[in-house]
Structures are given as C-alpha cells and as structure tokens.
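Trainee: The structure that follows is given in the form of structure tokens.
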Ligand SMILES: Nc1ncnc2c1ncn2[C@@H]1O[C@H](COP(=O)(O)OP(=O)(O)OP(=O)(O)O)[C@@H](O)[C@H]1O
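Numbering (UniProt numbering), first residue to last: 1 to 865.
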C-alpha cells in the first residue's frame, strides 16, 4: 500500500536528516503503515517514536527542528493548540502524585459527587496503564488510561475550588502536613471581602516545623544537597535531622536576642547555613525580610525601613567566580554607622549578624571589622548551647501562632516589573501553596531532588525549600551562578530530577553552548572526572517571565528522549502559581495546560464585550459569551486579561506599602463563589456540599486582578474542554497598534522566530508627542557573530533610517525590513514597525526580567504607563 503524502514527507525528512540508520527508517515505515495518514491523528505518535528511538541530544538542533516541522506540518493549531514536543507515557504517568491520588480517592463520596457534577462516572475506569506506548494511540477516541487521568485531572481541578471543604482535607492528608492542631474546616468565607476570608480556621501550625518534620521523607534522604561555587562535584548532603538540629539551635539563639514577630532581614545567598537560618527564624516566630544579596545598599535600606527590620543576617562577602564580593560593607552603608569604629561611630539602628562566606573559616580577611553592636555568627551561635533543652525545644515546641493564616513569616518583594516593588507578607499557610503546586504540577515526590536557582530574596528561594521539604524531597542548591557549564555539572552530580529555571538561564545556556562545554569539561576530568549525565532530569520547570518557544524546544531536546518543560506562572502575592502544566498533559513549549489546583481563572472581557454587558470572555475553561464562543470557534483562540476568583489558598491579603484592596479588587466585577451562581453561563453544576453554611447566602466577592495577558488555545486531549494557555506578558506591556490590541510578547516572539540573527527582542508601544496612534519600537539583541554588524544602530521609519556611530545604516534598515516582514507574516499586516534599535543587552531588573517600562520611559514621546 502507498504511503500517504504526509507519511512520505516525514520519511523523506528522516532520510534527508542523516540522523537515522536504514534499520531505523524501516522501523518508522512499519509504524507509519499502521497509522491513519493524517497529521492530526498521527503526528504525536510519530514524534514520540522519533524522540524516543532516533533523535539524540548530540544531533544538531536544526535537525530536531526540521523533523518536528515535517512531523507537524499541517498540524491543526486552531483545533488542537500548539503541537506537543513531549507526550506522557502511560507507565510513567501512573507513577505521578496526581495519578496515585486519583486512584486513592476513587471510592470517596466527595469524589464521586464531583465526578457526577461534571457528568463523568469514573474517569479511571479504562483500566490499568498500558506499559506499551506504541499500542496506545494518543488521539484515539477510545478511552485510554491517559484520557482517564486527564479527565480525572479536569474534575479534580474543578473540585478544588468548587468544594474546598472536601478537597483540602484530602490534599492535606496526602501531603501529610504536621499540624499541631488540625483545622476545623477548610475555609471561612467572608460575605463581601476576600481579604477577610480565613483558610484553615482553628488550626495550629508552625510551617517551618512542619517542613522539618515531614513524615513522608524517606529515611536517609537528605534535606539539602549543596556544592560550593566552582566545585560542582563536591557535594555536601545535609540530613533532615541535621538541618532540623541547626534550625532549632538558631531559633533558640534568635529567641535569646529577639521577640517573636520581629522582622529580621536575610541578606545573603542561599546555602545550607542560610536555609537553616530561614527555617530557624520561622521556628522562633520571627518574620524573615527577604532581600536579594544582589541589591545595592540603598535598595537594602529601603526594604529594611519598609519592613521595620530590627536585625539583618548577612555574610562578610559573597564568593562568586573565584572572587570575594563585599556584602557586609553594603549593610554598613545601607544601615548607617561605620565599621570598626570605637569612639564616635553611630550605633547601628539595625543589628547585623555576620556569617563567614566559607563557614569552616572565620570572617574573610577582606571583610571590614564589625561595627559596635554587630555580632559575628560564632558569637550569635554561642547565645545557646546546641545541646541545651532550649534548642531542642524550638523544634518540639516551636512558636505556635494563634492564627497561622494571619501571622507573617516572611516579607517578600515583587520584582517591580510594573512599578514600585510590592512588599508582600507570607503567612504560615502560604507555603502550603508552594507544597501543593510542587506536588501536583511539578510532581515532587518523597525523595525527589529539586533545584531552582534563585535566592532567599525572591519567592522561588523560600518556594524551593518548602516545595522540597514539605514533600519529603531534597532541595539542591549550587553556590555558584547558574548560567554556565558548572551548574549543569552540579545538576548531573546531584542527580537533580526536577529542575526549575527562568528563560534567561536557558537562553544563556543555548547561546553559550553550556551543554557542550559541560560535557567537554567533564570528559577532560574537571570536577573529579565524573561524566556529564543529565538523564536524571525528569522535568524542567520555568517561571519568571514569558519564555521563547524555540529556546524551550531546544531545552527539551537536550535530554535523551525529550523531557517536558512545565511552565509555572503566578506571583509572589500568590505564593505560587495559577497556571501551569502536569506530567499527565502533553507538553508544547512555552504553553500552559491547566489552572493550578484551587485556581479559578477567567479572562476579562474587552471593551466591546463589556459594553454588551459581559464581564468575562472565558470562565472555568469555556467561552463565557456567544461572541467569545464564536471567536474561539473561528480562530481556536481567545485572549485577554487574567482575573482570578478569590479566595485561593496562598493569595496575599495585605501589602505593607500599598492598599491591598485597591491594588487587587477595587473596580473589579463581583461574582458569587458557588458554581452555577457565578458569571459562567456554561456552569450548570449543582452547588457543592459545603462552601458556605446553609444559612448564609453565597457571598458576592470581587474578582482579583493579576495583570497578565493570556491567550487560550485548544489543546490536545479528550473532551470538549481541552484548552491550553499561552502567556502574553504583563497587561502594562500591551499596546494598541492601529486599533488592534497586541502584547509585547507576541511581537517579540514573531521577531525572534522570523529574523534568525535576532537573539532577543523587546517591543514597546509609544504614543508620539504630537498624538495619534501608538508606534511600535523594537529593541534587538543580535546573536553572537551578527553583533558587530549592527551594534548600536537604530532605524526609524518616520525620519528614514538613522544609525549610531559604528553601525551601518543599511544593515539596521535591513533589520527593520525583516522585522516588519516577520510581524506582517506572523501577526498582522497592519502592524507597522516604526523604529528598530540594536542594543548590546536589554535592561533587566534584579530578578532578570526585561524592564520594558524603562525602555518606554527612555524614548522620546509620552510614555505609556
Ligand atoms: N512561566 C511564566 N510565564 C510567563 N510569565 C510569567 C511566568 N512566571 C511568572 N511570570 C510573570 O511574572 C509575574 C510574577 O512575578 P512577580 O511576583 O515577581 O511580580 P512582577 O509582576 O514581576 O512585579 P510587580 O508586581 O512588582 O510589577 C507574573 O504575573 C507573570 O507576569
């Protein structure tokens, strides 16, 4: 029988790729002959075969790309979303936390009720997983274990916000959270104010104690795995008992010196010592003020003042790349007072406690002497003897707040992408969001080694500790920077299984050839001669900002057999994420598969819809209005600003430097918390068992704005409600070009994909001083090699191409033409590129996010805010 044209073109691409043997081509041919001949039905199955049996990380990425293009040529994006580059394997999926949980609740009445509300009998009824993936067609209409789990996930996600009284007890039981007194119920709603709803009322909990005593941790599994800067193979394992002992001792010392509730700043890198310190502060009932050690003295001062810090824990220096960078010096500068002064020095208003960067040594000789009143780490630890009962008491009898949901354990600062950073308090309950997301979305299990390079100054630092420890896993911490080959060697030697990243790290690895260099260094005997073996990585995570699909396709291809990148979007003020993926969903790069557990997501209506009386265009995963449904049917896509239904466990209820209600709720539409009574025209479910007492009417609460733009696409999966999501950046970064709203991220993706010399782009809309429609300005960073050609140049269509000294006008004009072409081809022919500037790098804030507002502000014309 003749192969279909589609199958023949896949076979041709394989033959031309030079990536496979005659035997492999013959195997593919056998596979193709058993398939339908249509891309939509066969693409995933063919891709699974090619990635598991043929493609290797050693093949040129261009070969991976060419084969993916051939396999997914004609893929119906409108009907099925972006093509998946990783597909779950049923045998592997059956081992995930979520699959096991679904199995464990299968016969519980609340679960049966949830299934019935969603018109499902038993999602898991198709039977045990099929260990042979080649006989499990992904798109088969017949029920499969995979479609059963996906359907189970959909019901679970809905039940998690519909019926918190049933969902949370089951989730907390599974997580094994060690409450000193269990909660009386999941949620006490307030009739009008989301900031006065109370989660887990009546419970007694110290979250650090719970993390340190997680009953699910396998014996012998370390709490932390650490390697110092530049020595990625020199692993230090810190056992749970050891970490608990160190944290308890620190807590006892803190109690000697500070009152419970005292705000104590941590201004030092993440390490075993600072991890113990963080947990010790929380054990002692104090509040950690998180300040990234990259911040300047001035920024430290602002944060100390805002939080009212009475102490700051710091290091003498930070050791990075073989150099010692002063840190205590910045504290002295930031807090006032002078170091080493005897007479006349101003007494510091904030006491500094100073650790040595290399713990086994004393304070670095390059560090200045301490100010009067400041303490060395050794003196601080001598405040109690670790063998004293005071120390062990700190763990057995930690500080137990009256109301854990309102007691602040940590003040974190948002990145300030859109304005002044917000000072966000985390309570003892916020880390339950970290733990739940890690469990459900990133599949962190007891014994899993999790790495996510960050610092205690950003939410992903505390997130990492809680996500690993509350799930009985290990947090992997590297003392050096994550951008180079040494970090990959650390991943290999620590056997990191869940590796979280941010897009700028991946970009640096790709363009800096980090994998090749790491392999070469390892082969050359650097780092003790251990070979580079990244087969340990089960999945990647990504957060922080919108990622570039091509970079993430590249990342997936770096592990033999491909591994998924689970996008994770949320915010410091949520303690975790609201959109993500799971190991049960197929993974397309830079795409989210689902709202997280407990998150009820909608897209706010645009002006036209709002005028017609609709609040939302998407609600609970379905178009909320007939016109939205029609738009979705036409293009397979809807986009808009995300809003979330409150309350959701983890959401902040207070800001230190802003009016919380005004920032998140003022002017937002009201909704009712019970399904069927809300905005969703599609929801016809009966009310759940116990979201509110039978006597009180369902409260009408305002929706919570988050400020992100999201596109919703159809997705590969069973049932009519299979959607995937794609981040379009912050709403503040959207612009209106000729009457059409478009986000910076969409424009940037089009330019990076369409102009091969461009490594990075930032798009900003500027209202011209004379008025009129917004103009599109593009800032481009060129790939190495292309850099010289246009560096520093700029071209503007208004006044003709102009270039800075050293740049060729013609080259910049040519770049502008190619960007225009890319935008026209991929987005809209009406979008006009007004100006292109080639820059050496994009402005980024301390958490490495692109600051488009700075670019806007630096341009002539009226800045859009
Ligand atoms: N995986 C992701 N994909 C796309 N964007 C993401 C992702 N993860 C996080 N983000 C972006 O980061 C934001 C959360 O970061 P953070 O809490 O630091 O606040 P911020 O918005 O950067 O700063 P600020 O609130 O001060 O302006 C999200 O709202 C989203 O815009």
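Positions of the beta carbon are idealized from the N, C-alpha and C atoms, including for glycine.
1. Say whether the segment 416-426 touches the segment 391-401, bearing in mind that this needs 3 or more beta-carbon pairs closer than 8 Å, one atom from each stretch.
2. Could you tell me which uninterrupted beta strand (DSSP E) segments, each at least 3 residues in length, are contained entirely in the segment 209-238, listed from first to last along the chain?
3. Closer than 7 Å to a non-hydrogen atom of ligand 1 - does that hold for the CB of residue 847?
4. Any contact of the segment 618-626 with the segment 598-609, i.e. 3+ C-beta pairs under 8 Å?
5. With a 10 Å radius around its C-beta and 16 neighbouring C-beta atoms as the bar for buried, classify residue 803 as buried or exposed.
6. Mind checking which residues open and close the beta strand (DSSP E) that includes residue 550?
7. Between the Cα of residue 830 and those of 747, 497, 55, 756, spot the shortest distance and give me the residue it belongs to.
8. Using only CA atoms, which one of 452, 447, 763, 69 lies nearest to residue 472?
9. For residue 367, tell me which candidate among 323, 10, 107 has the shortest Cα-Cα distance.
10. Taking only heavy atoms of ligand 1 into account, decide whether any of them is closer than 7 Å to the Cβ of residue 665.
11. With a threshold of 7 Å (Cβ to nearest heavy atom), would residue 707 be considered close to ligand 1?
12. Who pairs with residue 426 in a beta bridge, going by DSSP?
13. Report the three-state DSSP secondary structure of residue 809 (helix, strand or coil).
14. Could you pull out every unbroken beta strand (DSSP E) segment of at least 3 residues lying fully inside the segment 249-317, listed in chain order?
15. What does DSSP give as the partner residues of residue 86 in its beta bridges?
16. To which residues of the same chain is residue 595 closer than 7 Å at the C-beta, ignoring the five residues directly before and after it?
17. Tell me which same chain residues have a C-beta within less than 6 Å of the C-beta of residue 326, skipping the five on either side of it?
18. Going by C-alpha distance, which of 410, 185, 228 is nearest residue 197?
19. Give the secondary structure of residue 870 by DSSP, where H, G and I count as helix, E and B as strand, and everything else as coil.
20. Could you pull out every residue in the same chain whose Cβ sits closer than 6 Å to the Cβ of residue 418, ignoring the five residues on either side in sequence?
21. Closer than 6 Å by C-beta to residue 81: which residues in its own chain qualify, once you throw out the five before and the five after it? Chain order, please.
22. Thinking just about the alpha-carbon of each residue, which of 364, 745, 376 is nearest to the one in residue 352?
23. Find out if the Cβ-Cβ distance for the pair residue 440, residue 539 is shorter than 8 Å.
24. At a cut-off of 7 Å, is residue 440 close to ligand 1 when judged by its beta-carbon and the heavy atoms of the ligand?
25. Please identify the residue among 252, 218, 548 whose C-alpha is closest to the C-alpha of residue 399.
26. Is it true that the segment 98-117 meets the segment 147-166, where meeting means three or more beta-carbon pairs spaced less than 8 Å apart?
27. Under 7 Å: does the beta carbon of residue 521 sit that close to some heavy atom of ligand 1?
28. How many Å lie between residue 297 and residue 616 at the Cα?
29. Ligand 1 heavy atoms versus the CB of residue 183: any closer than 7 Å?
30. Are the CB atoms of residue 653 and residue 293 nearer to each other than 8 Å?
31. With 16 as the cutoff for other CB atoms within 10 Å, does residue 173 come out buried or exposed?
32. Cutting at 7 Å between CB atoms, please list the residues of its own chain near residue 124, excluding the five before and the five after it.
33. Just reading off the alpha helix (DSSP H) that residue 474 is part of, what are its end residues?
34. Taking 7 Å as the cut-off, is the CB of residue 417 close to at least one heavy atom of ligand 1?
35. Whole angstroms is fine: what's the gap from residue 592's alpha carbon to residue 385's?
Mentor: Taking the geometry as given:
1. no
2. 224-227, 236-238
3. Position 847 of the chain shown, counted from the start, is the residue given in the question as residue 847. Checking every heavy atom of ligand 1 against the Cβ of residue 847, one is found closer than 7 Å.
4. yes
5. For the purposes of this step, residue 803 is taken as residue 803 along the chain shown, with counting starting at 1. Bear in mind that the predicted position of residue 803 carries a pLDDT of just 37, short of 50, making it unreliable; the figure below should be weighed with that in mind. It counts as buried.
6. Taking the chain shown and counting its residues from 1, one reaches residue 550 at position 550. Element bounds for residue 550: not the beta strand (DSSP E) but the alpha helix (DSSP H), 549-557.
7. The residue given as residue 830 occupies position 830 in the chain shown. Of the listed residues, the one whose Cα sits closest to residue 830 is 747.
8. The sequence position of residue 472 within the chain shown is 472, counting from 1. Relative to the Cα of residue 472, the nearest Cα in the group 452, 447, 763, 69 belongs to 447.
9. Walking along the chain shown from the start, residue 367 turns up at place 367. Answer by Cα proximity: 323.
10. Sequence index remark: in the chain shown, residue 665 carries index 665 (1-based). The answer is no for residue 665.
11. Position 707 of the chain shown, counting from 1, holds the residue named residue 707. Yes, since a heavy atom of ligand 1 falls inside the 7 Å radius drawn around the Cβ of residue 707.
12. Counted from its first residue, the chain shown places residue 426 at position 426. Paired residue(s): 410.
13. As a first step, residue 809 must be located in the chain shown, where it is residue number 809. In this structure, residue 809 counts as helix in the three-state DSSP scheme.
14. 263-267, 287-290, 311-315
15. As a working mapping, residue 86 is identified with position 86 in the chain shown. Residue 86 pairs with 587.
16. Taking the first residue of the chain shown as position 1, residue 595 is located at position 595. Taken in chain order, the residues that qualify are 157, 578, 579, 601.
17. As a first step, residue 326 is located in the chain shown; it is residue number 326 there, counting from the start. Closer than 6 Å at the Cβ level, and outside the excluded window around residue 326, lie 317.
18. In the chain shown, residue 197 corresponds to position 197, counting from 1. Closest option to residue 197, Cα to Cα, is 185.
19. Here the chain has residues from 1 to 865 only, and residue 870 is not among them.
20. Sequence index remark: in the chain shown, residue 418 carries index 418 (1-based). Around residue 418: 730, 732.
21. As a first step, residue 81 must be located in the chain shown, where it is residue number 81. Contacts found: 713, 714, 715, 724.
22. As a first step, residue 352 must be located in the chain shown, where it is residue number 352. When only C-alpha atoms are compared, the closest one is 376.
23. Along the chain shown, read from residue 1 onward, the residue named residue 440 stands at position 440. Along the chain shown, read from residue 1 onward, the residue named residue 539 stands at position 539. At the C-beta level, residue 440 and residue 539 stay beyond 8 Å of one another.
24. The sequence position of residue 440 within the chain shown is 440, counting from 1. Every heavy atom of ligand 1 is 7 Å or more from the Cβ of residue 440, so no.
25. Within the chain shown, residue 399 is the residue found at index 399, counting from 1. The shortest C-alpha separation from residue 399 is found at 252.
26. yes
27. Within the chain shown, the letter at position 521 stands for residue 521. Result no, Cβ not under 7 Å from ligand 1.
28. Taking the first residue of the chain shown as position 1, residue 297 is located at position 297. Taking the first residue of the chain shown as position 1, residue 616 is located at position 616. Rounded to the nearest angstrom, the two C-alpha atoms are 45 Å apart.
29. In the chain shown, counting from the first residue as 1, residue 183 sits at position 183. For residue 183, the shortest C-beta to heavy atom distance toward ligand 1 is 7 Å or greater.
30. Walking along the chain shown from the start, residue 653 turns up at place 653. Walking along the chain shown from the start, residue 293 turns up at place 293. No; because the gap between Cβ atoms is not below 8 Å, this pair is not in contact.
31. In the chain shown, residue 173 corresponds to position 173, counting from 1. Residue 173 comes out exposed.
32. As a first step, residue 124 must be located in the chain shown, where it is residue number 124. Cβ neighbours of residue 124 beyond the five flanking positions: 102, 103, 106, 148, 152.
33. Working through the chain shown from its first residue, we reach residue 474 at position 474. Looking at the DSSP string, residue 474 is not in any alpha helix (DSSP H); the run it does join, the beta strand (DSSP E), is 474-478.
34. Within the chain shown, numbered from 1, the residue matching residue 417 stands at position 417. Checking every heavy atom of ligand 1 against the Cβ of residue 417, one is found closer than 7 Å.
35. To locate residue 592, count along the chain shown from 1; it is residue 592. To locate residue 385, count along the chain shown from 1; it is residue 385. Distance between the alpha carbons of residue 592 and residue 385 is about 50 Å.
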